[in-house]
Amino acid sequence: QGSLVNSSRRSGMDSGFLYRRLKSHEKREMQKEILSILGLPHRPRPVHGLSPAQQHQPGKLNSAPLFMLDLYNAMSGQEQGVDTKGWSQSHQLKVKSLLSSPQDSAFLNDADMVMSFVNLVEYDKELSPRLRHHKEFKFNLSQIPEGEAVTAAEFRIYKDCVMGSFENQTFLISIYQVLAEHRTRDTEFFLLDTQTVWATDEGWLEFDITATSNLWVMNPQHNLGLHLSVETKHGQNINTRAAGLVGRDGPYDKQPFMVAFFKASEVHLRTTR
Amino acid sequence: SATSKRKNQNRSRYTQSQDVSRVSSVTDYNSSDLKTACRKHELYVSFQDLGWQDWIIAPKGYAANYCGGECSFPLNAHMNATNHAIVQTLVHLMNPEYVPKPCCAPTKLNAISVLFFDDNSNVILKKYRNMVVRACGCH
Numbered sequence: 002q003g004s005l006v007n008s009s010r011r012s013g014m015d016s017g018f019l020y021r022r023l024k025s026h027e028k029r030e031m032q033k034e035i036l037s038i039l040g041l042p043h044r045p046r047p048v049h050g051l052s053p054a055q056q057h058q059p060g061k062l063n064s065a066p067l068f069m070l071d072l073y074n075a076m077s078g079q080e081q082g083v084d085t086k087g088w089s090q091s092h093q094l095k096v097k098s099l100l101s102s103p104q105d106s107a108f109l110n111d112a113d114m115v116m117s118f119v120n121l122v123e124y125d126k127e128l129s130p131r132l133r134h135h136k137e138f139k140f141n142l143s144q145i146p147e148g149e150a151v152t153a154a155e156f157r158i159y160k161d162c163v164m165g166s167f168e169n170q171t172f173l174i175s176i177y178q179v180l181a182e183h184r185t186r187d188t189e190f191f192l193l194d195t196q197t198v199w200a201t202d203e204g205w206l207e208f209d210i211t212a213t214s215n216l217w218v219m220n221p222q223h224n225l226g227l228h229l230s231v232e233t234k235h236g237q238n239i240n241t242r243a244a245g246l247v248g249r250d251g252p253y254d255k256q257p258f259m260v261a262f263f264k265a266s267e268v269h270l271r272t273t274r
Numbered sequence: 504s505a506t507s508k509r510k511n512q513n514r515s516r517y518t519q520s521q522d523v524s525r526v527s528s529v530t531d532y533n534s535s536d537l538k539t540a541c542r543k544h545e546l547y548v549s550f551q552d553l554g555w556q557d558w559i560i561a562p563k564g565y566a567a568n569y570c571g572g573e574c575s576f577p578l579n580a581h582m583n584a585t586n587h588a589i590v591q592t593l594v595h596l597m598n599p600e601y602v603p604k605p606c607c608a609p610t611k612l613n614a615i616s617v618l619f620f621d622d623n624s625n626v627i628l629k630k631y632r633n634m635v636v637r638a639c640g641c642h
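The listed protein sequences derive, respectively, from chains A and B.
Just so you know, we're using the working numbering here: the first sequence kicks off at 2 and counts up by one.
Just so you know, we're using the working numbering here: the second sequence kicks off at 504 and counts up by one.
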């Protein structure tokens with residue numbers, strides 16, 4: 002620590018590598034070099050990065066980082082010291098499914114990059130002008146590195162178990178891409194995916210939004226977000242919260258997010274320094 | 504015998520050229536490599552030491568090993584060298600100024616994945632191929 006230790010004396014090897022604390026400008030140089038190797042233009046400064054508590058207890062991560070850590074562990078094929086006890090049942094199932102089904106794990110291994118996106122909609126306008134219950138979601142896909150193509154994308158939302166009046170009901174949950182918004186008439190939608198679930202079901206629901214994500218990466222101006230709505234089997238439109246769906250104001254480890262898998266179309270050569 | 508004498512002459516030329524190349528090789532290598540055969544040197548980059556634990560979720564760091572040392576001849580048993588490197592060493596010793604020395608470089612590389620936040624608090628899981636040197640040898 003701070004002293005000049007010639008490693009050859011210490012470990013008998015003659016690499017002549019000197020171990021000492023780096024001076025501040027050397028540390029900055031080293032950081033720049035490693036950021037360049039990681040392909041990053043600068044050191045990211047996330048507003049919602051890792052809090053000191055989360056650095057030591059990954060189980061306290063928000064839903065998206067937690068899911069991504071599952072993928073990381075599945076991809077690097079070994080637990081990074083994360084105690085799976087902290088994981089919800091669905092997360093553990095997700096990792097097992099990623100590892101077990103050959104199609105999924107080949108799919109994950111084939112990706113060069115996986116990215117999760119935070120929902121940018123700050124407030125949930127629960128009712129549309131025509132008094133339809135729905136939820137809005139928006140994700141910023143404009144910062145994707147050049148040459149990365151979306152090979153798959155899914156929207157994930159958590160559903161709690163619902164008892165009471167809906168107990169023996171099923172819900173039809175639909176996810177739409179917003180095509181155009183008008184001041185004087187209804188918003189135009191395109192149905193992307195639907196799922197029928199029991200009111201008592203609990204866990205993460207995944208909706209395939211691959212085509213839409215590719216469109217948004219190629220044409221960011223078309224990115225007007227997603228709408229989600231819930232109907233009973235009688236076609237009655239109901240409040241998404243009443244159906245057990247968790248929004249952005251829900252528990253941090255159950256908030257909705259989107260995840261996309263990318264494959265690089267060209268090799269990124271690092272500029273020599 | 505004549506041949507052995509000639510061989511001696513050759514050898515003296517060899518040793519002479521070898522001495523020359525030895526001298527040149529001494530200048531080529533910094534002192535530490537002179538004694539070390541080509542091998543992998545361990546080096547570890549700790550993201551925590553760099554103060555990056557607020558944006559890098561996993562891993563804690565990675566092995567930035569590097570290859571260093573001399574591709575000399577005769578090769579000792581455990582050093583990994585291709586026949587090409589052996590022949591190139593010999594030819595180099597005869598014509599140091601024309602034939603480059605075999606170089607100590609990676610022979611096996613591994614990928615690593617890094618999980619980190621970007622500026623918008625999105626999370627990126629990126630795979631870096633050929634990132635970690637697993638083995639070195641003479642090329």
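From the three backbone atoms N, C-alpha and C, an ideal C-beta is built for every residue, glycine too.
All values reported here derive from a predicted model rather than from experimental measurement.
The alpha carbon of B/Asn-613 has as its nearest neighbour, out of B/Ile-560, B/His-544, B/Ala-566, the alpha carbon of B/Ala-566.
Taken in chain order, the whole alpha helix (DSSP H) runs of length 4 or more contained in the segment 581-632 of chain B are 586-597. Only Ile-615, Ser-616, Val-617, Leu-618, Phe-619, Phe-620, Asp-621, Asp-622, Asn-623 from the segment 593-623 of chain B bring a Cβ to less than 8 Å from some Cβ of chain A. Excluding sequence positions up to five before and after B/Asn-633, its CB lies within less than 6 Å of the CB of Leu-612, all in the same chain and listed in chain order. In this structure, A/Trp-205 lies away from A/Tyr-177, with their beta-carbon atoms at least 8 Å apart.
Within chain B, not a single residue places a beta-carbon under 8 Å from that of A/His-26; the smallest gap is close to 14 Å. Distance from B/His-642 to B/Pro-605 at the Cβ level is roughly 6 Å; contact confirmed, criterion being Cβ atoms closer than 8 Å. CA-CA distance, A/Leu-41 to B/Ser-616, rounds to 14 Å. A/Tyr-177 has A/Leu-192, A/His-228 as its beta-bridge partners, per DSSP. A/Ser-64 places its beta carbon less than 8 Å from that of A/Phe-258. Within the segment 44-55 of chain A, Arg-44, Pro-45, Arg-46, Pro-47, Val-48, His-49, Gly-50, Leu-51, Ser-52, Pro-53, Gln-55 place their CB atoms closer than 9 Å to a CB of chain B, listed in sequence order. A distance below 6 Å between beta-carbons, with the five flanking residues on each side excluded, links A/Leu-229 to the following residues of its chain, in chain order: Lys-136, Ile-176.
With respect to the 8 Å criterion, A/Ser-266 and A/Ala-112 are not classified as neighbours on the basis of their beta carbons.
The beta-carbon of A/Tyr-253 is placed no less than 8 Å from the nearest beta-carbon of chain B. Secondary structure at A/Asn-110: helix, using DSSP grouped into helix, strand and coil. With respect to B/Ile-627, A/Met-114 sits close: the two C-beta atoms are nearer than 8 Å. If you ignore the 5 residues before and after A/Val-119, its C-beta comes within less than 7 Å of the C-beta of Ala-65, Phe-258, all in its own chain and listed in chain order. For A/Met-259, the enclosing beta strand (DSSP E) covers residues 258-265. In the DSSP assignment, A/Ala-154 falls outside any alpha helix (DSSP H) and within the unbroken beta strand (DSSP E) covering 149-160. A/Thr-195 and A/Asn-238 have their C-alpha atoms some 14 Å from each other.
Counted as a single uninterrupted DSSP element, the alpha helix (DSSP H) harbouring A/Glu-30 occupies residues 25-38. With respect to A/Ala-75, A/Leu-109 sits close: the two C-beta atoms are nearer than 8 Å.
Around the Cβ of B/Tyr-601, a 10 Å sphere holds fewer than 16 other Cβ atoms; the residue is exposed. Boundaries of the beta strand (DSSP E) harbouring B/Ser-549: 547-549, taken from the DSSP string.
Apart from sequence neighbours up to five positions away, the residues of its chain that approach A/Gly-248 with a beta-carbon distance below 8 Å are Asp-125, Lys-136, Thr-241, Arg-242, Gln-256, Pro-257, ordered along the chain.
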